[in-house]
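What follows is one structure encoded as structure tokens, with my remarks underneath.
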Amino acid sequence: MAKAKRPPFGGFYNQPSIEDDAELTRVGPGTPCGNYLRRFWQPIAMVSEVKDMPIPVRALGEDLVLFRDKSGRLGLVHKRCSHRGTSLEYGIIGEQGIRCAYHGWAFDIDGTVLETPSEPQGSRLREAVCQGAYRTHEFAGLVFAYMGPPEETPDFPVYDTLVWPDGNHLVPYKLDMPCNWLQVHENAADPIHTAYLHSIVTGVQFTPAFAELPTIEFLDTPLGLLSVATRRVGEQLWIRASDVILPNVAQFGTGFVDGSKEKFALCAAFTRWIVPLDDTNCIVIGVRHFNDVIDPLKQGREDQIGLGKIDLMGQTDERPYAERQKSPGDWDAMVAQGPITVHRNENLSSTDKGVAQLRRQIRTGVRALQAGGLPAQPRRYGKGIVPTYNNETILRVPRLRGDDVALIRNFGHMVCNAAIESAELPPGPRQRHVEDVVRAMQDQGAFYVQANDRSSLEPANV
1 MAKAKRPPFG
11 GFYNQPSIED
21 DAELTRVGPG
31 TPCGNYLRRF
41 WQPIAMVSEV
51 KDMPIPVRAL
61 GEDLVLFRDK
71 SGRLGLVHKR
81 CSHRGTSLEY
91 GIIGEQGIRC
101 AYHGWAFDID
111 GTVLETPSEP
121 QGSRLREAVC
131 QGAYRTHEFA
141 GLVFAYMGPP
151 EETPDFPVYD
161 TLVWPDGNHL
171 VPYKLDMPCN
181 WLQVHENAAD
191 PIHTAYLHSI
201 VTGVQFTPAF
211 AELPTIEFLD
221 TPLGLLSVAT
231 RRVGEQLWIR
241 ASDVILPNVA
251 QFGTGFVDGS
261 KEKFALCAAF
271 TRWIVPLDDT
281 NCIVIGVRHF
291 NDVIDPLKQG
301 REDQIGLGKI
311 DLMGQTDERP
321 YAERQKSPGD
331 WDAMVAQGPI
341 TVHRNENLSS
351 TDKGVAQLRR
361 QIRTGVRALQ
371 AGGLPAQPRR
381 YGKGIVPTYN
391 NETILRVPRL
401 RGDDVALIRN
411 FGHMVCNAAI
421 ESAELPPGPR
431 QRHVEDVVRA
441 MQDQGAFYVQ
451 ANDRSSLEPA
461 NV
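Numbering (our numbering), first residue to last: 1 to 462.
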């Protein structure tokens, strides 16, 4: 239902609500969304952060300690020792697990108590106690944790973009965000902001092509949704289709595309997770992809990627405040929404359908878990690889004299559907198949047949 319009200078009548959408924003132990997020593998640190000393880690409202024992195994345990509660960040790493410095209790990486040295001979105390611990997995320079019920541990999902194309080089990164996780994740389902925030309002931050207003569409996928922005750049049409994967993963193309050169890239430049530390802090953690398909001109800067940095303007607060006021980036737009965005204060528009769709999908997963179900895990093809849908396509499609907007939308819709419908193929053959299908449609003039408008201007409902 539409909100009542307030009079000019009517701030007195327009006091904001302070009640956030706790079902989606609160993530601590025992909360609906926290329990949901715990059913998925979550990256919590870069492998390079784990050296010869334990490090304190916060994730999903819990204080933890991450370490690598002298046999090379990673351990992730509750921060407080189960004996008297001192922090295991001061623990002594051993050949097998970690030892509390206070009274010498020793714990294996699974939380098993190995020694209680002050106990008398014959004491069975250590058999009755277990230190809280979580499973870990190393992949692509990141440390992942599974923080849900151990008996429900899912297989670790390897997305196809992480292993293809051949020679794909992954560089990990981690950025701090002092705000709620959801408002950061929703940025992936808001493609229209790339035109305004990154070009029209603040000046060109990436390339001038981003200033071309796109048609937008949001397609359901087996993993979540595909956020599709299709632009005309001269005689070329450019699709930037971003994979939004439940519950908190997203993939994107590069920020270097100018739309002038033909391109077929069923892969990603960024794969990132938004992992809540608590209700009002999160991390953006993931990998940058370097390969000849997504970045053929080698414009990425590996030396600018890592802990607290990424080779894309506006993703951190490292620039001076005055400069960020003149040309704010994603960091400023997301953090400036406040510690936790209050959805009741929003007035969603026709371009916010992706945000509304993502919220509905997450809410559905949260409620299904509360009702006794298990969250759907990604389906796979050969060798356990999970097919994804991110794509960046540029093709010459001459301007239509009539409704060129319908042509642009139709092109984006048909190409992305080809990517979705070919998910059973391995990555290499799949890209070739999609390219063949798209070229056949180009030869047949199929893009010029007006498609149903799936981006009709209806109010978005949450």
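Cβ coordinates follow ideal geometry from the N, Cα and C atoms, glycine included.
Please read these numbers as outputs of a predicted model, since none were measured by experiment.
Can you pull the DSSP bridge partners for residue i?
i    : result
C130 : T112
W273 : V249, I285
I216 : A229
T136 : A145
A45  : V143
D278 : N281
P469 : Shown here, the chain extends from 1 to 462; a query on residue 469 therefore has no answer.
G224 : T221, I245
W238 : R231, I394
R99  : I92, A106
Y159 : V386
Could you check the C-alpha separation between residue i and residue j for me, to the nearest Å?
i    : j    : result
T31  : G61  : 10 Å
P429 : I385 : 14 Å
I239 : R6   : 39 Å
R454 : R360 : Unreliable placement is indicated for R454, whose pLDDT of 39 sits below 50; no coordinate value is reported for it.
K309 : T116 : 43 Å
L457 : P150 : Confidence at L457 is low in this model, with a pLDDT of 28, below 50, so its placement is unreliable and the value that follows should be read with caution. Cα to Cα, the separation comes out at about 45 Å.
A451 : E318 : Reliability of the predicted coordinates at A451 is poor, the pLDDT of 41 falling under 50, and the value obtained from them is presented with this limitation in mind. So the two alpha carbons sit approximately 44 Å from each other.
V201 : Q325 : 12 Å
P29  : R99  : 26 Å
A376 : D155 : 12 Å
N14  : H343 : 15 Å
S422 : S71  : 44 Å
D330 : V438 : 33 Å
G141 : G167 : 16 Å
A419 : Q431 : 8 Å
R68  : K51  : 7 Å
R379 : T153 : 15 Å
T86  : W105 : 11 Å
L246 : G365 : 9 Å
D20  : I340 : 7 Å
V462 : G10  : Its pLDDT being 40, under 50, V462 is placed unreliably in this model, and the value from its coordinates should be taken loosely. Their backbone Cα atoms lie some 26 Å apart in a straight line.
P398 : Y173 : 40 Å
What residue from the options has the CA that sits closest to residue i's CA?
i    : options                : result
D190 : P427, V228, L114, P320 : V228
N291 : D108, C267, Q370       : C267
S327 : V129, D243, F206       : F206
P56  : L37, D69, L76          : L76
A59  : C282, H289, P426, V233 : C282
E127 : F107, A145, T136, R301 : F107
V275 : Q183, Y196, V366, P296 : Q183
G94  : V284, W331, K79, L114  : L114
E138 : I98, H83, R73          : R73
D278 : I310, F9, N35          : N35
T161 : I408, D330, Y389, R396 : Y389
L369 : L175, R38, G10         : R38
F144 : V287, V163, F12        : V287
L226 : V233, Q236, S242       : S242
D295 : K261, Q315, W105, Q96  : K261
R363 : P427, R344, V233, E23  : E23
Q444 : L142, F411, P157       : F411
T215 : D21, D352, I420, L64   : D352
G338 : D330, H169, E119, P178 : P178
A336 : S349, T316, N347       : T316
I44  : C33, V437, E323, L307  : L307
V293 : F218, L197, P427       : P427
R367 : T25, V27, C33, F9      : C33
Tell me, to the nearest whole angstrom, how far the beta carbon of residue i is from that of residue j; I am working on the premise that it is less than 8 Å.
i    : j    : result
Q251 : M147 : With 8 Å as the limit, Q251 and M147 do not qualify as a contact, their Cβ atoms being about 23 Å apart.
N248 : H193 : No, N248 and H193 are not in contact; Cβ-Cβ is about 19 Å, not under 8 Å.
G259 : R301 : The Cβ separation is near 21 Å, so there is no contact.
R84  : Y102 : 6 Å
E392 : V257 : 7 Å
K298 : I394 : With a Cβ gap of about 18 Å, K298 and I394 do not count as contacting.
G255 : L312 : 5 Å
L64  : H78  : 6 Å
M414 : A446 : 7 Å
V244 : G224 : 5 Å
If you follow the alpha helix (DSSP H) that residue i is part of, which residue opens it and which one closes it?
i    : result
C33  : 32-37
A418 : 404-421
K463 : Summary: the structure shown does not reach residue 463, with the chain confined to residues 1 through 462, and so no result is reported for it.
D21  : Premise fails: D21 is in no alpha helix (DSSP H) and is neither H nor E.
Y321 : 321-326
Return yes when at least one heavy atom of the ligand ATP lies under 7 Å from the C-beta of residue i, else no.
i    : result
A229 : The model on display carries no ligand, and the ligand ATP is accordingly not part of it.
Can you tell me where the beta strand (DSSP E) with residue i in it begins and where it stops?
i    : result
N391 : 391-396
G75  : 74-78
V174 : One point to set straight first is that residue 174 is Lys, not Val, in the sequence displayed. Here the beta strand (DSSP E) through K174 covers 169-177.
A265 : 263-265
Would you say residue i lies against chain D (beta-carbon separation less than 8 Å)?
i    : result
G253 : In the displayed structure, chain D is absent; only one protein chain is listed.
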